[in-house]
Every structure is written in structure tokens, then in C-alpha cells.
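Everything on this sheet refers to the single structure shown next.
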Amino acid sequence: MAASESLDPTPVVAGSAYRPRYIDIGINLADPIFRGLYHGKQRHPDDLSAVVSRAQEVGCSKLIITGSDFTSSRHALEIAREYPGTVYTTAGIHPCSSSIFSTSHKHVDTDGHTMPCDPDPSQPIPEDQEPDPEKTAKVIADLRQLIEDAQSSSPGALVAFGEFGLDYDRLHYCSRTIQLHSFAAQLDLVLALRPQLPLFLHSRAAHADFVGLLKAKFGERLERLKKGGVVHSFTGTVDEMRELMDLGLYIGTNGCSFKTADNCAVVRDIHLDRLMLETDGPWCEVRPSHEGWKYLVESKPPTPAPTPDPAAAEGTAQQQQQQQQQPPAKPAQKSKKPQKKEPEVPERWKSVKKEKWVEGAMIKGRNEPCMIERVAKIVAGIKGVSVEEVCEAAWKNTARVFDVDKET
Ligand SMILES: [Zn+2]
1 MAASESLDPT PVVAGSAYRP RYIDIGINLA DPIFRGLYHG KQRHPDDLSA VVSRAQEVGC
61 SKLIITGSDF TSSRHALEIA REYPGTVYTT AGIHPCSSSI FSTSHKHVDT DGHTMPCDPD
121 PSQPIPEDQE PDPEKTAKVI ADLRQLIEDA QSSSPGALVA FGEFGLDYDR LHYCSRTIQL
181 HSFAAQLDLV LALRPQLPLF LHSRAAHADF VGLLKAKFGE RLERLKKGGV VHSFTGTVDE
241 MRELMDLGLY IGTNGCSFKT ADNCAVVRDI HLDRLMLETD GPWCEVRPSH EGWKYLVESK
301 PPTPAPTPDP AAAEGTAQQQ QQQQQQPPAK PAQKSKKPQK KEPEVPERWK SVKKEKWVEG
361 AMIKGRNEPC MIERVAKIVA GIKGVSVEEV CEAAWKNTAR VFDVDKET
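In case it helps, UniProt numbering puts the sequence shown at residues 1 to 408.
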């Protein structure tokens with residue numbers, strides 16, 4: 001507990017001389033949910049600009065929007081054009097969107113939304129689909145065109161290739177065979193681009209194949225990977241994480257990285273010079289059920305770390321005594337606001353249900369980039385270092401790989 005004690009328990013920004021700065025390396029702002037659109041229904045006004053403002057207010061002054069298919073990659077670029085110097089983008093085909101490479105192309109329609117992170121092992125797409133060479137050539141040519149157009153029409157906006165990779169937790173969107181094909185074909189495109197782009201990678205329950213393909217394309221030490229890359233939303237094991245760091249890759253953490261004690265143990269071992277921060281909104285928020293949540297709870301100074309609770313025991317003993325000896329002398333006196341107060345996590349903005357939208361409110365269940373404060377705070381808590389160390393390390397790492405901060 002000494003570590004958490006030495007951490008300033010006040011809200012991240014309040015009163016401290018250090019003003020945190022964040023780059024959200026993975027935010028799906030092209031998701032229609034940030035326009036108030038939920039599966040085709042307009043539930044509240046477009047509040048994208050409020051989302052960006054809230055991010056800026058907490059010091060999250062740079063956002064890299066994830067492009068995960070053609071539609072989102074194009075929308076992401078449009079948004080980047082609206083916020084030059086603040087919003088940047090990636091372009092690529094996510095493993096879950098990779099059915100477009102297959103013969104039968106049973107694409108799961110999500111109304112333009114990014115796919116929820118939940119696995120659904122009950123309905124995998126059959127492995128009998130074959131990669132379609134003609135479709136592949138077309139997809140890769142179109143993707144190359146999209147990237148080159150972005151580079152000429154919006155110089156500096158597109159900062160990474162991706163997101164792409166492998167996701168064996170979500171075979172209900174795309175089979176393993178087609179995912180491997182999609183990843184390989186896109187890695188070939190990366191190698192063909194001049195100059196190369198850094199990579200925004202996704203790997204879920206697929207580590208061996210993931211690393212195997214990277215090595216097959218870039219060499220055993222990834223020596224042909226010129227600009228580096230990040231494996232975002234990391235939820236793998238310590239050994240997997242170490243292998244990625246050894247290969248020179250960076251590790252992106254978000255709410256999904258703090259779900260369990262095992263997840264948190266992995267985060268503790270991420271080297272500060274390999275760390276990046278993200279929200280992956282609208283998904284991957286930190287929830288009270290997550291192991292990492294406890295690092296957000298603002299313990300009030302008089303609240304000591306877990307005590308054996310002698311007061312409670314004493315209380316019951318005393319009450320028993322009081323019951324025995326008449327007159328029941330004001331037992332209420334004893335209940336001096338017990339410490340069992342609900343843990344409090346400070347909220348800067350109120351969150352409401354989407355149906356109850358009001359100007360300036362966040363939407364319950366829709367994670368957004370201003371919540372990156374929480375990600376940094378949890379990482380700092382887990383690692384037993386200051387928020388400043390986490391923020392500065394992540395900022396520098398991100399600026400080293402992605403071209404988002406020319407002044408640095
Ligand atoms: Zn991802």
C-alpha cells in the first residue's frame with residue numbers, strides 16, 4: 001500500500017504543477033455512435049465536437065482515429081481534416097472486417113459501428129472459405145490508393161497503417177484462414193509502400209500466428225520494419241508481451257488491459273519506454289468490476305488501508321451489552337458515519353443514458369477519449385510510479401513512432 005500512498009490521491013490535474021498530456025492512440029471516432037447514431041437511429045444530436053473538446057480539456061490533445069475498414073478509414077480522414085494538428089488517423093482492414101478477402105464474403109453488418117470486443121465462440125464463420133485472389137488484388141489496390149490519396153490530399157493526417165492483425169476471439173466475424181490471408185496481404189502492402197508507415201496492430205488470442213507472420217515478412221528481428229509499431233489493446237500474457245517488446249514493438253493499454261489481476265500483472269511489467277495509452281472508445285471503458293478500478297478510487301486521507309475492523313466487532317459487543325443492561329442508551333451515537341462509504345471515482349462530466357442526452361453530458365457505456373485520464377492513472381497505480389512518468393513516457397513513445405508531434 002506504500003506505493004499507492006505515495007501517489008497523490010487528488011484528481012490527476014487538480015492543483016498539481018504538472019499538467020498531464022495524452023495522446024489517445026486508439027479511438028474509433030469514425031463510429032456513428034459519436035454522431036448520435038445507434039444502429040441507424042438518431043438517438044441524440046451529433047456531439048463529436050463535444051467529445052473532442054472534453055478530450056482536450058483533460059490534456060488529451062492528440063487523437064489517432066482507428067480506421068478498421070474502408071468506410072471508417074475514409075470517415076476518419078474527414079474528421080482529421082476538421083481538426084488538423086489534433087486528430088490523426090490510421091487506415092487498414094481489421095481482422096473482423098477481413099471477410100472482404102474471401103470468396104463467399106459473408107460480411108457481418110454492423111451498421112458502420114466498430115465491432116464489440118466480446119468473443120462469441122458459438123458461431124464461428126466456417127473455415128471452408130477460400131481467399132479470393134481477385135478480390136484480394138482489388139482490396140489491396142484500393143487500400144493503397146486510399147493511403148496515397150490521404151497522403152497527398154491531407155498531408156500528415158494519416159500516421160499509421162492499420163488497424164490490422166489477427167483476432168481468434170472473434171471468429172464469428174471472419175474465419176482464421178481469411179484473417180491470416182488478410183494480415184499477410186496487408187503486410188506485403190506495408191513492405192511495398194515508400195516510405196513505410198508505422199503499424200497499428202491488433203492481436204487477440206493469436207500470438208504465435210501473429211508473431212510468426214510478422215517475422216516471416218519483416219525478418220526474425222523485424223529488421224525490415226522501418227517505422228516500428230504498436231500492438232494495441234493488449235490483453236495477452238506476460239511472456240507474449242515480453243516477446244513483443246523484444247521485437248521492438250510498443251504495447252497499447254486501455255480498459256480491457258485491466259480486467260483481471262493477471263491483466264494488471266502484465267501491465268506492471270510493460271517497460272515505460274514501450275508503453276502507449278488509448279481508450280479504444282466507444283468500447284473498452286474501465287468498469288467497477290475490473291481489477292484496475294481500485295486504482296481510481298479516491299481514498300479519503302483518514303481511510304486507512306484494510307483494517308481488521310475492530311470498531312465493528314467492538315460495536316456489536318457493545319450493542320449486545322447495551323441490550324442486556326437496560327436503558328438502551330442512545331446507540332445511534334455509535335454510528336459515526338462508518339468508513340464503509342461507497343468507493344468514489346471522481347467524474348468530471350455527468351453520464352446519462354443516450355435517450356436522456358443533454359448538452360455537455362457523456363453517454364453511459366460510450367467510452368470516449370477524455371477517459372484516458374483513467375487509463376494513465378491505473379497504469380501509474382499498477383506500476384507504482386507517478387501519473388507524470390506514465391504520461392510523459394507514453395507521449396514520447398507515441399511521438400517517436402507516429403508523426404503526431406513535430407515540435408518534439
Ligand atoms: Zn483492436
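We put the CB at the ideal spot given by N, CA and C, even for glycine.
Here the structure is a predicted model, which is why all the values come from computation and not from measurement.
- Looking at the DSSP output, residue 38 shares a beta bridge with 41.
- Residue 51 places its beta carbon 8 angstroms or farther from that of residue 86.
- Every alpha helix (DSSP H) stretch that sits fully inside the segment 194-231 and reaches 4 residues is listed by chain position as 207-218.
- Between the segment 117-130 and the segment 159-166 there are fewer than three C-beta pairs closer than 8 angstroms, too few to call the two in contact.
- The C-alpha of residue 241 lies about 8 angstroms from the C-alpha of residue 270.
- Each residue's CA atom was taken as its position, placing residue 59 and residue 115 some 28 angstroms apart.
- If you look at residue 401, you'll find it in the alpha helix (DSSP H) that goes 387-401.
- If you ignore the 5 residues before and after residue 273, its C-beta comes within less than 7 angstroms of the C-beta of 393, 397, all in its own chain and listed in chain order.
- Beta bridge pairing from DSSP links residue 158 with 89.
- The residue among 54, 55, 36 with its C-alpha nearest the C-alpha of residue 46 is 36.
- By the 16-neighbour rule on beta-carbons within 10 angstroms, residue 84 is exposed.
- For residue 100, no beta strand (DSSP E) run applies, since DSSP gives it neither H nor E.
- A direct Cα-Cα distance of roughly 33 angstroms separates residue 206 from residue 388.
- Those residues that have a beta carbon less than 5 angstroms away from any non-hydrogen atom of ligand 1 are, in order along the chain, 202, 233.
- Under the three-state reduction of DSSP output, residue 370 falls in the helix class.
- Residue range 275-277 is occupied by the beta strand (DSSP E) that includes residue 276.
- Contact between the segment 68-79 and the segment 92-99 is established, with three or more Cβ pairs separated by less than 8 angstroms.
- In this structure, residue 369 keeps its C-beta atom at 8 angstroms or more from the C-beta atom of residue 255.
- One alpha carbon belongs to residue 24, the other to residue 17, and they sit about 22 angstroms apart.
- Under DSSP, residue 346 takes part in no beta bridge, so it has no partner.
- Taking C-beta atoms under 8 angstroms as the contact rule, residue 199 and residue 190 qualify, at a distance of about 7 angstroms.
- Classified as buried, residue 182 has 16 or more neighbouring CB atoms from the shown chains inside 10 Å of its CB.
- Under the DSSP assignment, residue 125 falls outside any alpha helix (DSSP H); it carries neither an H nor an E label.
- In the three-state DSSP reduction, residue 383 falls in the helix class (H, G or I).
- For residue 68, there is no enclosing alpha helix (DSSP H), since its DSSP letter is neither H nor E.
- Following the DSSP letters along the chain, one finds residue 24 inside the beta strand (DSSP E) bounded by residues 22-27.
- The alpha-carbon of residue 275 is positioned some 29 angstroms away from that of residue 148.
- Here residue 352 carries a strand assignment [DSSP, helix/strand/coil].
- Rounded to whole angstroms, the separation of the alpha carbons of residue 143 and residue 375 is 32 angstroms.
- With 16 or more other CB atoms across the displayed protein chains lying within 10 angstroms of its CB, residue 20 is buried.
- By the Cβ-count criterion, residue 31 is buried, with 16 or more other Cβ atoms from all chains shown falling within 10 Å of its own Cβ.
- In terms of CA proximity to residue 88, 63 leads the group 347, 111, 97, 63.
- The three-state secondary structure of residue 95, taken from DSSP, is helix.
- The Cβ atoms of residue 166 and residue 209 lie closer than 8 angstroms to each other.
- Note on the segment 233-272: whole beta strand (DSSP E) runs with a minimum of 3 residues are 250-253, in chain order.
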